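For reference, each letter of the sequence shown is one residue, going 802 to 948 in my numbering. Data first, discussion second: the structure below is written as structure tokens.
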Amino acid sequence: MMMAYGMFVFALGTAPYQELQRQTAWRHEGQGRVGKRPARQYLGPGDDTITLTGTLLPHFTGGQQNLNQLRQMAAEGAAWPLIEGNGTFYGLYVIESLNENKSHQMRDGSAQRIGFSLTLQRVDDDRADLLGSLTGALARAATGLLA
Numbered sequence: 802m803m804m805a806y807g808m809f810v811f812a813l814g815t816a817p818y819q820e821l822q823r824q825t826a827w828r829h830e831g832q833g834r835v836g837k838r839p840a841r842q843y844l845g846p847g848d849d850t851i852t853l854t855g856t857l858l859p860h861f862t863g864g865q866q867n868l869n870q871l872r873q874m875a876a877e878g879a880a881w882p883l884i885e886g887n888g889t890f891y892g893l894y895v896i897e898s899l900n901e902n903k904s905h906q907m908r909d910g911s912a913q914r915i916g917f918s919l920t921l922q923r924v925d926d927d928r929a930d931l932l933g934s935l936t937g938a939l940a941r942a943a944t945g946l947l948a
């Protein structure tokens, strides 16, 4: 297991990513002053964004169904814990965007190569109202198994 986002596991058989990019910001509000640089006041943490990029080769790794599973999770608008395979807990994240591009199509139009970019945005850990439902995740997993 490379990483888990709620009940979705990033691994070779699902959606292995090749790159993880994290951007963290802090808020420093400026107040204009005459003849001087703006005075800055620290207001706290800003956005914390993680972007995972990778390439799926459906004959060897996960495929379209795994990206569809992530789209379903995003459509719920819920936040899920993000935990790296080594145990690092990043916090609660929502899916902000999922981009994909398909290439090397076969005769039936299915792609032999699917590139993806998943952008996750951190929410406050005390926002339990945004936390995803385990029953919904289990229902999605069962649907995925039946497909």
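All C-beta atoms in this analysis are idealised placements derived from N, C-alpha and C, irrespective of residue type, glycine included. Model, not experiment: these values are computed from the prediction.
- Task: Label residue 846 either buried or exposed according to how many other C-beta atoms from any shown protein chain fall within 10 Å of its C-beta, with 16 as the threshold for buried.
- Result: Flag for residue 846 reads exposed.
Quick check: is any heavy atom of the ligand NAD less than 7 Å from the C-beta of residue 807?
In the structure on display, the ligand NAD does not appear, and there are no ligands present to speak of.
Q) Given a threshold of 16 other Cβ atoms within 10 Å of its Cβ, counted over all protein chains shown, does residue 815 qualify as buried or as exposed? A) Residue 815 should be labelled buried.
Ignore the nearest five residues each way along the sequence and tell me which others in residue 885's own chain have a CB closer than 6 Å to its CB. For residue 885, where only same-chain residues beyond five positions count, the Cβ hits under 6 Å are 804.
Q. Rounded to a whole number of angstroms, what is the C-alpha to C-alpha distance between residue 812 and residue 854?
A. Roughly 13 Å between the two C-alpha positions.
field: Same chain, Cβ closer than 7 Å to residue 825, five either side skipped, listed in chain order
entry: Correct list, in chain order: 849.
- request: With DSSP as the reference, label residue 949 as helix, strand or coil.
  value: The structure shown has nothing for residue 949, since the chain only spans 802 to 948.
Original post:
Can the beta-carbon of residue 919 be found closer than 8 Å to that of residue 932?
Top reply: Contact: no.
| message | Just to check my reading of the structure: residue 893 and residue 880 have Cβ atoms closer than 8 Å, yes? What is that Cβ distance to the nearest angstrom? | response | Indeed they touch by this definition, with Cβ atoms about 4 Å apart.
Original post:
Which value, in whole angstroms, describes the spacing of the CA atoms of residue 857 and residue 829?
Top reply: The straight-line gap from Cα to Cα measures roughly 40 Å.
Notebook entry, point to check: Under the DSSP definition of a beta bridge, which residues are partnered with residue 898?
Noted result: Its beta-bridge partners are 920.
Taking all protein chains shown into account, do 16 or more other C-beta atoms lie within 10 angstroms of the C-beta of residue 844, making it buried, or fewer, making it exposed?
-> Burial call: exposed.
- Message: Tell me which residue opens and which closes the beta strand (DSSP E) that residue 818 is part of.
- Response: It is not in any beta strand (DSSP E) - residue 818 carries neither H nor E in the DSSP assignment.
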